[in-house]
Amino acid sequence: MVGAQNIHAGRKAGKKMKKNRYAYYPGCSLHATAAEYDRSLTAVCRRMDIELVEIEKWVCCGSTAAHTKSRLLAEALPMASLARMEAMGIEEVIVPCPECFSKLKTAQHHVARDRKTRKSVADIIQTQCYEEARIYHPLKIFSEDPLLSQIPSLVTQDLSGLKIACYYGCLITRPPEIAGFDNCEAPESMDRVLKAAGLRTVDWNHKTRCCGSSFAVSKPEIVKDLSGQVLDDARSAGADAIAVGCPVCHVNLDTRQPEGFDMPVFYFSQLMGASFGMSPTDLLLHRHYTEANTWLERFLQSGYITHLQ
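For the sequence shown, this note's numbering assigns the number -13 to the initial residue and increments by one for each residue that follows.
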């Protein structure tokens, strides 16, 4: 699938990469139902002088479907994309979808520890496995210096009137031996990022509870129940809105709200972008099911949020 000659040439050259330059694996959702996550994240990265280079001809991570059919397929699909990243001469990759992030990290974890799996996967992708790739969820790099300390200097819109419940869901920090960052039971990375962007975050109990995941189609009543518990707890904690870093969580919390609930659900990158002065249109807030576009504008006009001079 990937030319071994090009990969080995990239290794041999040992080209030093530009600072804050990462490969980018958007995954399927960010090019479709989660386009607003892609748009806001890439815009925020540009503002922070982070260069994202989309992996050439990346393939689907396999999501849930692959590992239900074949563990080997579930390992080979992510490793194929990592091999293509290696051919580009880049060692670090940003993966915003937690499902994709988990699949890439899990595949790398397994091939690094099992010689038989490593050989089988290498035979399938027709090149050696790229075990050295460093895979990050964007919250990992945003929540640590030097980038974390850079965020306040980019804020042009005061969002301190907003109280946000940061929702991590199941996969961003779990399992800890795979995710490799933050506290899997009481994560704080998103809270740190949004606080640096000038927002207030609330303490609440459901920040890592499951939203129902992919049961939205097969068992929607489960998703409605679990998402409802998350929404209720966020409101009880005094939150005005919820921030997420997962396309599945966004869909479930945004579309499964009880009638009259109307709590906006943002991607954390949309809130960062808003604090950096980007418009609701630029951030694709009109794509949300639960109204978020005029909701944010209403806060702007009310004086709860003021433009920084």
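Ideal Cβ placement from N, Cα and C applies to all residues, glycine included.
Quick check: the Cα distance between residue i and residue j, rounded to an integer number of angstroms?
i, j, result
"L134", "R178", "8 Å"
"P84", "R284", "31 Å"
"F87", "D24", "15 Å"
"S106", "A18", "32 Å"
"R221", "A227", "8 Å"
"E245", "V79", "40 Å"
"H(-6)", "P82", "Reliability of the predicted coordinates at H(-6) is poor, the pLDDT of 36 falling under 50, and no value is obtained from them."
Given a cut-off of 7 Å on the beta-carbon distance, is the pair residue i and residue j in contact?
i, j, result
"M258", "V30", "yes"
"S199", "V234", "yes"
"A229", "V188", "no"
"K91", "I164", "yes"
"K149", "G224", "yes"
Which of the three DSSP states, helix, strand or coil, is assigned to residue i?
i, result
"A9", "strand"
"Q143", "strand"
"A172", "coil"
"K4", "For K4, the pLDDT reaches just 46, beneath the cut-off of 50, and the residue's location in the model is therefore unreliable, although a value from the coordinates is still provided. Three-state DSSP puts K4 in coil, outside helix and strand."
"R284", "helix"
"I111", "helix"
"I36", "coil"
"T103", "helix"
Can you list, in chain order, the residues of its chain with a C-beta nearer than 7 Å to that of residue i? Leave out the 5 residues immediately preceding and following it.
i, result
"D219", "W190, N191, H192"
"A260", "Q143, L145, L269, L282"
"R104", "V97, C115"
"V216", "Y153, H192, R195, C197, L239"
Return the chain-ordered list of same chain residues with a C-beta closer than 6 Å to the C-beta of residue i, the five sequence neighbours on each side being excluded.
i, result
"C170", "T159, R160, P162"
"V209", "G198, F201, A202, N238, R242"
"I127", "L133"
"H272", "N279"
Please return the same chain residues whose Cβ sits closer than 8 Å to the Cβ of residue i, not counting the five positions on each side in sequence.
i, result
"S67", "Y11, I41, W44, V45, C47, L90"
If you measure from the beta carbon of residue i to each beta carbon in chain D, is any gap under 7 Å?
i, result
"G246", "Reference to chain D is not applicable here, since this structure consists of a single protein chain."
Inset, instruction - Examine the Cβ distances between the stretch 104 to 121 and the stretch 67 to 87 and report whether three or more of them are shorter than 8 Å. - result: Taking a cut-off of 8 Å for Cβ pairs, the stretch 104 to 121 and the stretch 67 to 87 touch, as three or more such pairs fall below it.
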